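J.:
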Ligand code: ZN
Ligand code: FE
Ligand code: FE
Ligand code: ZN
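This is how it looks when you write it as structure tokens:
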């Protein structure tokens, strides 16, 4: 069974298409269950234009309830949310999460300090940075995110490679520290095909990290990170053989923040 747990709605301001169009696309491409994961609201003034506002939360939940109801006989639809981990905002984000009954919560790191390292607008800052140093900081943050107790699924685990900045140094120790936090907290690792649409042209995370995760018996979820209905289930025909070749036979499915593993 294919499940796509990462897709957005127009509420974040940079995605198009109504939830029903995402559902239709899932049915077309043979994805058997989907979940929406809109970018969470944050305290004002930080990166506001990339996320839903606090006053949109109500509407978001209603939208997903509506589409869930409408497709109840054809396609299971889950209510998720993609939450940024940014030190100092944990309290606020925890509140957002606790106010609603989500099926799952995805944790993401898109910021290193004030730097939105995955934004094309902030690409020049990479030139002033040492790539290995950036990766070290990134993996330190995702490990902290995993240890925060706020999330169920860790998104696009090696997002720091997005533009093709990959250090020459061996990064396995960075991966190991992060993955042991994922394991210790019994979280799920997201396999995201979004990286194939970015300059790096690679699934997140790398095969090396997927192999390490499999050795630790860490469960995985599948994600397109669709910001357009056409992207639902994007390149799952590459992701599935990849994870199978590593040894995975099951993927995570969530209801009310409880995980079960279903055959892939
Ligand atoms: Zn987005
Ligand atoms: Fe993200
Ligand atoms: Fe996303
Ligand atoms: Zn995302």
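Numbering (the numbering used here), first residue to last: -6 to 257.
Virtual Cβ for every residue (Gly too), placed ideally from N, Cα, C.
Model, not experiment: these values are computed from the prediction.
1) Would you give the residue range spanned by the beta strand (DSSP E) that residue 29 belongs to?
2) Within 10 Å of its beta-carbon, does residue 180 have 16 or more other beta-carbons around it, so buried, or fewer, so exposed?
3) Suppose the cutoff is 6 angstroms on Cβ atoms and the five residues either side in sequence are ignored; what does the same chain contact list for residue 81 look like?
4) In terms of residues, what are the limits of the alpha helix (DSSP H) holding residue 120?
5) Going straight from the alpha carbon of residue 72 to that of residue 100, what length do you get?
6) Take residue 48 as the anchor and find which of 5, 20, 18, 84 has the nearest alpha-carbon.
7) What residue range is occupied by the uninterrupted beta strand (DSSP E) comprising residue 256?
8) Residue 84 to residue 225, Cα distance in whole Å?
9) Work out the CA separation of residue 239 and residue 68 for me, nearest whole Å.
10) Using DSSP's beta-bridge definition, name the partner residues of residue 46.
11) Quick check: the stretch 102 to 117 against the stretch 139 to 146, are at least 3 beta-carbon pairs closer than 8 angstroms?
12) Within 10 angstroms of the Cβ of residue 7, are there 16 or more other Cβ atoms? Answer buried if so, exposed if not.
13) What do you reckon, are the CB atoms on residue 123 and residue 202 nearer than 8 angstroms?
14) Which runs of the beta strand (DSSP E) at least 3 residues long sit entirely within the stretch 97 to 164? Give them in chain order.
15) Assign residue 211 to one of three DSSP states: helix, strand, or coil.
16) Quick one: using the 10 Å Cβ neighbour count with 16 as the cut-off for buried, is residue 205 buried or exposed?
17) Which residue spans inside the stretch 183 to 244 form an unbroken alpha helix (DSSP H) run of at least 4?
18) Which whole-angstrom value describes the C-beta separation of residue 96 and residue 247, a residue pair presumed to lie in contact below a C-beta threshold of 8 angstroms?
19) How is the alpha helix (DSSP H) around residue 11 delimited, first residue to last?
20) Suppose the cutoff is 7 angstroms on Cβ atoms and the five residues either side in sequence are ignored; what does the same chain contact list for residue 141 look like?
21) Classify residue 21 as buried or exposed, calling it buried when 16 or more other Cβ atoms lie within 10 Å of its own Cβ.
22) What number of angstroms, rounded off, separates the C-alpha of residue 87 from the C-alpha of residue 55?
23) Rounded to a whole number of angstroms, what is the C-alpha to C-alpha distance between residue 10 and residue 129?
24) Taking Cβ positions, are residue 13 and residue 60 nearer each other than 8 angstroms?
25) Rounded C-beta distance between residue 182 and residue 175? I'm assuming under 8 angstroms.
T.: By the coordinates alone:
1) Along the chain shown, one-based indexing puts residue 29 at 36. Element bounds for residue 29: 26 to 32.
2) Looking up residue 180 in the chain shown gives position 187. With 16 or more Cβ atoms within 10 Å of its Cβ, residue 180 is classed as buried.
3) Locating residue 81 in the chain shown gives position 88, counting from the first residue. Result list for residue 81: empty, nothing under 6 angstroms.
4) Here residue 120 refers to the residue found at position 127 of the chain shown. Neither: residue 120 is in no alpha helix (DSSP H) and is coded neither H nor E.
5) As a position in the chain shown, residue 72 is number 79, starting the count at 1. As a position in the chain shown, residue 100 is number 107, starting the count at 1. Approximately 14 angstroms, taken between the alpha carbons.
6) Within the chain shown, the letter at position 55 stands for residue 48. Answer by Cα proximity: 5.
7) As a first step, residue 256 must be located in the chain shown, where it is residue number 263. Its beta strand (DSSP E) spans residues 251 to 256.
8) On the chain shown, position 91 is the one that residue 84 refers to. On the chain shown, position 232 is the one that residue 225 refers to. C-alpha separation (whole angstroms): 32 angstroms.
9) Position 75 of the chain shown, counted from the first residue, corresponds to residue 68. Position 246 of the chain shown, counted from the first residue, corresponds to residue 239. Cα to Cα, residue 68 sits roughly 29 angstroms from residue 239.
10) Looking up residue 46 in the chain shown gives position 53. Looking at the DSSP assignment, residue 46 forms no beta bridge with any residue, so it has no partner.
11) no
12) What you label residue 7 is simply residue 14 of the chain shown in a count that begins at 1. Exposed, because fewer than 16 other Cβ atoms sit within 10 Å of the Cβ of residue 7.
13) Sequence index remark: in the chain shown, residue 123 carries index 130 (1-based). Sequence index remark: in the chain shown, residue 202 carries index 209 (1-based). Taking 8 angstroms as the Cβ cut-off, residue 123 and residue 202 do not qualify as a contacting pair.
14) 97 to 101
15) The sequence position of residue 211 within the chain shown is 218, counting from 1. Coil.
16) Taking the first residue of the chain shown as 1, we reach residue 205 at position 212. Residue 205 comes out buried.
17) 200 to 208, 229 to 239
18) Within the chain shown, numbered from 1, the residue matching residue 96 stands at position 103. Within the chain shown, numbered from 1, the residue matching residue 247 stands at position 254. Indeed they touch by this definition, with Cβ atoms about 5 angstroms apart.
19) Mapped onto the chain shown, residue 11 falls at position 18. First-last for residue 11: undefined, no H or E at that position.
20) Taking the first residue of the chain shown as 1, we reach residue 141 at position 148. Here the set comprises 78, 83.
21) One-based indexing of the chain shown puts residue 21 at position 28. Residue 21 comes out exposed.
22) Mapped onto the chain shown, residue 87 falls at position 94. Mapped onto the chain shown, residue 55 falls at position 62. Between residue 87 and residue 55, the C-alpha separation is close to 20 angstroms.
23) Here residue 10 refers to the residue found at position 17 of the chain shown. Here residue 129 refers to the residue found at position 136 of the chain shown. Taking the straight line joining both Cα atoms gives about 36 angstroms.
24) Residue mapping note: residue 13 aligns to position 20 of the chain shown, counting from 1. Residue mapping note: residue 60 aligns to position 67 of the chain shown, counting from 1. Yes, they are a contact pair.
25) Position 189 of the chain shown, counting from 1, holds the residue named residue 182. Position 182 of the chain shown, counting from 1, holds the residue named residue 175. Sure, about 6 angstroms apart at Cβ, within 8 angstroms.
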